[in-house]
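1 is the number of the first residue of the sequence shown in the numbering used here; add one for each residue after it.
Please read the structure below before turning to the comments.
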Amino acid sequence: MRRNVKIVLLLSCAWMFVCVYYYHTSRDSKNENRALRLKESALGLSSGSSGYAEPDGTAMAMSSELLPVPTPDPRVTWNYFDEQGYVSRGGLRAGEDPYARNKFNQEASDGLPSNRDIPDTRSAMCRLKQWRRDLPPTSVIITFHNEARSTLLRTVVSVLNRSPEHLIKEIILVDDFSDHPEDGEELSRIHKVRVIRNEKREGLMRSRVRGADAATASVLTFLDSHCECNADWLEPLLERVAEDPSRVVCPVIDVISMDTFQYIGASADLRGGFDWSLVFKWEYLSQLERQSRQKDPTQAIRTPMIAGGLFVINKEYFERLGKYDTQMDVWGGENLEISFRVWQCGGSLEIIPCSRVGHVFRKRHPYSFPGGSGNVFARNTRRAAEVWMDDYKHFYYNAVPLARNIPYGNIQDRLELKRKLGCKPFSWYLKNVYPELVIPTSEGGPGGALKQGSTCLDSMGHLLDGNVGLYPCHDTGGNQEWSLTKDGLIKHHDLCLTLPMYAKGTTLLMQICDGSENQKWRHLEGGLIRHSRIPVCMDSRFHAQRGITAEKCDSSAESQRWHLYNHGH
């Protein structure tokens, strides 16, 4: 027993000796190495080295053969961004009208999280579809001017949250000289977000070109600053462009209510079109096309016109095609111009039903237009018409005579681009892309706005089976363009004002023109518009609640007096 105790004591002493020896040897070696490095630094022996510091603050020299310590990225992923602080710093003041700044309900937007759940509005077949794995990444370009912080952030977050990470190369925010630079600057803390700020107000077209020039991906995705991308929105768009770089593709644009911010799915049976006043409109596909799509609702839809706010395009193709017309100002007409240019110069436009992006649609613009919105839109539209529509531009001037008086600047560089690209004439576009656009004839009857005081009969943006209302006259056609034909129809493009029931108090609807008796009216002396079959007249007294209705004719009622106003007089 005593022998065992001695052995244990001897082993313990030996272990302690080893520990003491190792401690002294290690300390001496460290001091020698430190002294050697200090000596080398003092003598300049490491002339190609880069400096660093020991934890105790002693300056050291690092050999140039060693890699420098990487600087940590100070940015955060979107889910670690201080959303509440960012939104609250741009929030409403006490008692402030929530519609005043943005012409939508900012209070409703500010109360929603940036990554809120939204309904998947795609068809079931889209959800089952598999997309290519070798798709190219994209640069997402979002321009904004005084955008509400909550909607801008929600746009950015929806891109990052609902896109495969490897397909988003970057998000480029182009701040078009907003009143508060920090609206964009603070978002640059989010990983993959870059912010470019204009030194003066440039407008949508020049801002988008600046963003495109800065982009590093081979594919560009343009979005408005008040959008929400839906599930798997990006892959269907990138796949179509990857298959054919001359395709310009758009998602189906769902509706985000400007009042409640409810996300509402839009019909996938729509395409973009326009009338001779060159105002964009949504129109239903033909019955034959709708029947064909029932077999495969995932197939792409050819569209004569894009809305312009949301689309994907190959960057090299965008540059070769001439980017945007940067002589256009602020907003408006750019979608018309780029749509004509794509189709007439060898490309194509498509709406991809399996891609869904929500958009806040407003009734008015929240920002000012130098010279007035009507003049800016007319100037931009004239530039598009003069370059791309050939002799058909006269139908535009007949529809909007006031546009003739708006200067449109020099277009020689755009005409030269058209010649260089070998683009087709507008007659080819009408024949092959948009044969449904009816060329006006003398049989069409007088056209213009149906006025009551300072308000006009307005389609309110509604389509088939929609009602109509009153809205302040803007004298630019569009939703307020109507024609009274010789056979008694009141036409708005290819829709006619219809009395669906032969009864007093019935709300009038827009339906496909078929020349039936319930679509025929007579414009009487004194301004009344009487139905041809029963003694009721168009009446606006209930327009705010039910739209325009058919009421007992009363020549003394101001709500039944309509004046057909030609825009040129």
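Virtual Cβ for every residue (Gly too), placed ideally from N, Cα, C.
Only a predicted model underlies this, so the values are computations on that prediction, with no experimental measurement involved.
{"query": "Closest to Asn-518 by CA distance: which of Arg-132, Ile-352, Pro-304, Leu-489 is it?", "result": "Leu-489"}
{"query": "With a threshold of 8 Å on Cβ separation, who are the neighbours of Ile-512 within its own chain once the five nearest residues in sequence on each side are excluded?", "result": "Leu-464, Asp-494, Leu-495, Cys-496"}
{"query": "In whole angstroms, what separates the C-alpha of Glu-334 from that of Leu-204?", "result": "9 Å"}
{"query": "Per DSSP, what are the beta-bridge partners of Arg-271 in this structure?", "result": "Glu-283"}
{"query": "Here's the rule I'm using: 16 or more other beta-carbon atoms within 10 Å means buried, otherwise exposed. How should Ala-572 be labelled?", "result": "The structure shown does not extend to residue 572, since the chain is modelled only from 1 to 569, so the question has no answer here."}
{"query": "Between Ile-351 and Val-536, what straight-line distance do the alpha-carbon atoms span, to the nearest angstrom?", "result": "42 Å"}
{"query": "If you drop the 5 nearest sequence neighbours on each side, which residues of the same chain put their C-beta closer than 7 Å to that of Asn-115?", "result": "Val-157, Asn-161"}
{"query": "Thinking C-alpha only, which one of Val-248, Arg-240, Ile-190 is nearest Phe-222?", "result": "Val-248"}
{"query": "Name the two residues that bound the continuous alpha helix (DSSP H) containing Gly-211.", "result": "204-214"}
{"query": "Mind checking which residues open and close the beta strand (DSSP E) that includes Thr-155?", "result": "Element bounds for Thr-155: not the beta strand (DSSP E) but the alpha helix (DSSP H), 149-161."}
{"query": "How would you call Leu-43, buried or exposed, if buried means at least 16 neighbouring beta carbons within 10 angstroms?", "result": "For Leu-43, the pLDDT reaches just 38, beneath the cut-off of 50, and the residue's location in the model is therefore unreliable, although a value from the coordinates is still provided. Exposed, because fewer than 16 other Cβ atoms sit within 10 Å of the Cβ of Leu-43."}
{"query": "Taking 8 Å as the cut-off, decide whether the C-beta atoms of Leu-152 and Asp-183 are in contact.", "result": "yes"}
{"query": "Give the single residue among Met-501, Gly-461, Ala-449, Leu-509 whose Cα lies nearest to the Cα of Trp-482.", "result": "Ala-449"}
{"query": "Is the distance from the Cβ of Leu-430 to the Cβ of Leu-437 below 8 Å?", "result": "yes"}
{"query": "By DSSP, does Trp-388 sit in helix, in strand, or in coil?", "result": "helix"}
{"query": "Cα-Cα, which of Gly-273, Leu-288, Gln-287 is closest to Lys-281?", "result": "Gly-273"}
{"query": "Would you mind reading off the limits of the beta strand (DSSP E) that contains Trp-521?", "result": "521-523"}
{"query": "Looking at Leu-173: is its Cβ nearer than 8 Å to the Cβ of Val-193?", "result": "yes"}
{"query": "Can you tell me whether Arg-197 is helix, strand or coil according to DSSP?", "result": "strand"}
{"query": "Under 8 Å, with one C-beta from each stretch per pair, do the stretch 204-214 and the stretch 293-306 reach the 3-pair mark?", "result": "no"}
{"query": "Quick one: residues in its chain with C-beta nearer than 8 Å to the C-beta of Tyr-86, no 5 flanking neighbours on either side, listed in chain order?", "result": "Arg-149, Leu-153, Glu-186, Leu-187"}
{"query": "So, is Ile-439 buried or exposed, given that buried needs 16 or more other C-beta atoms within 10 angstroms?", "result": "exposed"}
{"query": "Examine the Cβ distances between the stretch 255-262 and the stretch 97-117 and report whether three or more of them are shorter than 8 Å.", "result": "yes"}
{"query": "Below 8 Å between beta carbons: does that hold for Arg-197 and Asp-224?", "result": "no"}
{"query": "Just how far apart, CA to CA, sit Arg-382 and Leu-285?", "result": "28 Å"}
{"query": "Work out the CA separation of Asp-134 and Ala-53 for me, nearest whole Å.", "result": "Low local confidence applies: a pLDDT of 38 at Ala-53 is under 50, so the model's placement there is unreliable, and no value is given."}
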